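Each protein sequence line maps, in turn, to chains L and R. Under our numbering, the first residue of the first sequence carries the number -19, and numbering increases by one thereafter. Under our numbering, the first residue of the second sequence carries the number 94, and numbering increases by one thereafter. We put the CB at the ideal spot given by N, CA and C, even for glycine. Computed from a predicted model, the values in this text were never measured in an experiment. Single-structure report; data block below.
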Amino acid sequence: MAIERHSMAEQPAEFRNRNFEEVPYGYTPDEAVAEAQRCLSCKNRPCVSGCPVEVPIPEFIALVTEERFSEAARLIKTKNVLPAVCGRVCPQETQCEVKCLRGKKDKAQAVAIGNLERFVADFERENDLMEAPEVQDKNGLKVAVIGSGPSGLTVAGDLVQLRYEVTIYEAFHRGGGVLVYGIPEFRLPKKVVETEIKALEDAGVTIHYNSVIGRLYTVDDLFNRLGFSAVFIGVGAGLPIFLDIPGMNLNGVFSANEYLTRSNLMKSYLFPQYKTPVIIGRRVAVLGGGNVAMDSARTAIRLGAEKVTIVYRRAREQMPARAAEVHHAEEEGIEFRLLSSPVEIFGNDEGWVTGMKCQRYELGEPDESGRRRPVPIENSFFEIDCDLVVVSIGGKANPLITRTTPDMEVNRWGYIVTDPWGRTTKRFIYAGGDIVTGAATVISSMGAGRRAAKAIHEDLSKESDETFTPEWW
Amino acid sequence: MYELVEKSEIFNVHKMVIKVPGIADSMKPGQFCIIMATEFGERIPMTVSDWSTDTGTITIYALELGISTLELARVKVGGSLYAVTGPLGTPSEIRHYGTVVLGGGCYGIGGIYPIAKACKEAGNEVISIVEARYSPMFYHEKELQQVSDQVLYATSDGSRGKKGKVEDVTVEMLERGARVDQAFFMGCTQMLERCSEATRPYGIPTKVALNSIMLDGTGMCGACRVTVGGETKFACVDGPEFDGHKVDWRELQQRKSAYTEQEALVYQSFSHECLAEKKLRGEL
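Structure, rendered in structure tokens:
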């Protein structure tokens, strides 16, 4: 009889849905070792092939079985600079764990790679075992990184080790991008992100906060006025989409970006100690089915909502959210109105949301994304009583940088066009993450950052060679 | 990091000169900054009234209205602000219009200055109109006079200039048959609406600098969305200037009042100290 996968102990749902503390407590060392022993150390390493940054998974797990936890963390960091983050937010069930032989018969029995990754990174951090990275002599070349989200942090981390002088420009007053403004405290404690950023600064990366590139400096300024040799753009997707239905501008209708930024970055959940307010809905409707929608719904219930409903146009199995997030949301008492979409939001004379009219949908033929297209059912309207609506149906490309860099190509949706290595169509400008792909995952952005760092290093190393012109340029 | 180098107070308007060399280099008329006085404060959008690349400073006029502006007003010269982000917003369109009327109230008295200056430099005839409750409340006066062909005043009590408001002076001018090619207004939302309605019958192209609630100021959150000509726009990136004749004023007013309750609550959480009492005790 095979040993069952070790689940992580977590705060009980009826207790945690009123606080912002992290939900799973993490493994104990014994649990970690026991879980690690479930790994079959497959020779062909199927799990590694599922990882966008090719973390040496069986090797780090082998170290865990020997209780060499911080060595395991260091081994992961050769491929992934943010293991404590990825252990928590990666969709392992569709990446590494889905390939695990242990899960061949029953997916839920795959080795808990994400949990182990989180454990070793936490162990290293909490026991102060993080090794101060060596501050290397600089090679005299300056690289600017725009945005301190997952892709930017990866590029900065890789290039500083290659002795570049790296400067990150971050628009907000705190670093981490979506890791601090988007993902809530209960899913990713901010101290985890702060530690990672501190480590980068210790390694010699300079971070300029409150610096909006496209306004403060253009990308051309970074080359011409500030002397950078290469620029990496990792600014995220950035513009929220609202629905084209009546009532979208009523008070109490938020983009998920706004709702989460208020609560996470500005810490409205600690209002009035922190002065930025957020509206506490009594009955909250969240539109969308992704991780951001789950985060919004779970934030709403923690802020004190009596009832939170997720309204999603497609069916459950088509929800883009991680399985764990949907599961956690359900446990916390969040309702799901699937195959439903709003057609109008009602308001009162003072301009506040009072309710929402929705229409039911059914699944039709598959669309270009391969998912069965939701089709509205005629005369199937129903109403939802709500006083707060959070719109979490995705974003568009933020044009602040692309508009001020007109000679760099963007596609018809405004996303930056790059080669597979992140080279844009303009020399020595690179891009990665959501501003290239549209909304994606933390780990895929980190993968893009890793590839861009390689390309930057390769191109700048060859630049002195006058015949150097990469095919792409 | 963001040092406050100079400060003075005109009633509850606080002039603050902040050292931010990078921002001062890039600033253009019509743009704003987002300021956090402390780590716990809100991100407050503030129109920039003046800047100097020589001293690397920007000047703002902050109206003390709630907790965050109160915390801002408490920062002492030599102290520093937690965060200053900018420049933000699309700069004003400056060109040769002919005669330009610039109307300002509250923070807009200082706010119209850089636009007046740029319009003057672009060869326009610049008529600035400023309003206040009564005469001593005007500020940034000499500077405004230097870049205006005329500065007209309006006060609620008639203590200076016309008894009334910016729109009354504007209408009076237009009634006299004065030629105005472009009007521009900056101040509270009520004032912007009244001024826009005043110029509408005369068909004067009118721009208003909107001050809707903002959070990030880079277009990421949509808190500042306003309806202009039936379309949703983001004041932080598409604006802050819009055609005053096309703004949905009712919606804007409603959206601006979204946090009135919380603002009152948090204001009470601040431990107020009576400065007069402190002075009596010899602590000031």
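Chain L contact for residue i (CB, 8 Å cutoff)
i        : result
R/Ser305 : no
R/Leu368 : no
R/Met313 : yes
R/Leu97  : no
R/Val106 : no
R/Phe335 : no
R/Leu156 : no
R/Leu48  : This structure gives no information on residue 48 of chain R, because the portion of chain R shown stretches from 94 to 377.
R/Ile116 : yes
R/Glu324 : no
R/Gly134 : yes
R/Glu344 : yes
R/Ala316 : yes
Neighbourhood of residue i by C-beta distance below 6 Å, restricted to the same chain and skipping five residues each side
i         : result
L/Ala309  : Met274, Ala277 and Arg278
R/Val110  : Val98, Glu99, Thr150 and Thr152
L/Gly194  : Leu380, Ile381 and Thr384
L/Val135  : Val125, Phe212, Gly429, Ala432 and Ala433
R/Lys300  : Phe277 and Glu334
R/Glu218  : Thr192 and Asp242
L/Phe103  : Phe49
L/Ala(-7) : Glu311 and Glu312
L/Arg(-4) : Val3
R/Gly172  : Leu97
L/Pro26   : Lys79
L/Glu130  : In the sequence on display, residue 130 of chain L carries Pro and not Glu. The residues are Val422, Ser425 and Met426.
Contacting residues, own chain, Cβ-Cβ under 7 Å from residue i (five flanking each side not counted)
i        : result
L/Val13  : Val44, Thr45 and Glu47
L/Gly375 : Ala217, Gly218, Leu219, Pro220, Ile221 and Ala419
R/Pro184 : Lys121, Pro122, Gly123 and Gln124
R/Thr325 : Arg318
L/Ala295 : Leu318, Leu319 and Leu343
DSSP beta-bridge partners of residue i
i        : result
L/Gly375 : L/Pro220
L/Thr405 : Bridge partners of L/Thr405: none, in fact.
R/Gly196 : R/Ile222 and R/Phe278
R/Tyr154 : R/Lys108
R/Cys126 : R/Met139
L/Leu440 : According to DSSP, which records beta bridges pairwise, L/Leu440 is partnered with nothing at all.
R/Val273 : In DSSP, R/Val273 forms no bridge with anything.
L/Leu240 : L/Leu240 is not bridged to any residue.
L/His188 : L/Tyr149
R/Thr299 : R/Ala276
L/Lys247 : BP columns for L/Lys247 are empty, so no partner.
R/Ile103 : R/Val106
L/Met336 : L/Ile325 and L/Ile364
R/Lys169 : According to DSSP, which records beta bridges pairwise, R/Lys169 is partnered with nothing at all.
R/Lys96  : In the sequence under discussion, the amino acid at residue 96 of chain R is Glu, which differs from the Lys named in the question. Its beta-bridge partners are R/Ser173.
L/Val390 : L/Ile396
R/Lys36  : Limits of chain R in this structure are 94 at one end and 377 at the other, which puts residue 36 of chain R out of reach.
Close Cβ partners of residue i (< 8 Å) along its chain, the five nearest in sequence each way excluded
i        : result
R/Thr282 : Leu303, Asn304, Trp342, Leu345, Gln346 and Lys349
L/Trp393 : Lys376, Ala377 and Gly418
Residue-chain proximity (residue i, chain R), Cβ-Cβ < 8 Å
i         : result
L/Lys255  : yes
L/Thr385  : no
L/Ser441  : no
L/Val192  : yes
L/His307  : no
L/Pro252  : yes
L/Phe0    : no
L/Asn(-3) : no
L/Arg54   : no
L/Glu104  : no
L/Ala303  : no
L/Glu238  : yes
L/His153  : yes
Beta strand (DSSP E) runs contained entirely in the segment 199 to 258 of chain R, provided each spans 3 or more residues: Taken in chain order, the unbroken stretches of beta strand (DSSP E) that lie wholly in the segment 199 to 258 of chain R and span 3 residues or more are 218 to 225 and 243 to 248.
Inter-stretch contact at 8 Å, needing at least 3 Cβ pairs: the segment 184 to 191 of chain L / the segment 144 to 161 of chain L: Enough Cβ pairs lie closer than 8 Å, so yes.
The segment 298 to 313 of chain R / the segment 238 to 250 of chain L touching (three or more Cβ pairs under 8 Å): yes
Complete runs of the beta strand (DSSP E) confined to the segment 43 to 130 of chain L [at least 3 residues]: 122 to 126
Whole beta strand (DSSP E) elements within the segment 280 to 333 of chain L, 3-residue minimum: Whole beta strand (DSSP E) segments, 3+ residues: 287 to 291, 315 to 317 and 320 to 327.
Given 8 Å, three or more beta-carbon pairs between the segment 316 to 336 of chain L and the segment 356 to 366 of chain L: yes
Contact between the segment 161 to 181 of chain L and the segment 153 to 164 of chain R (3+ Cβ pairs under 8 Å): No: the two stretches stay apart, fewer than three of their Cβ pairs being nearer than 8 Å.
The segment 139 to 147 of chain R contacting the segment 194 to 208 of chain R, beta-carbon criterion three pairs below 8 Å: yes
Validate contact between the segment 251 to 267 of chain R and the segment 280 to 295 of chain R using beta carbons, cut 8 Å, 3 pairs: yes
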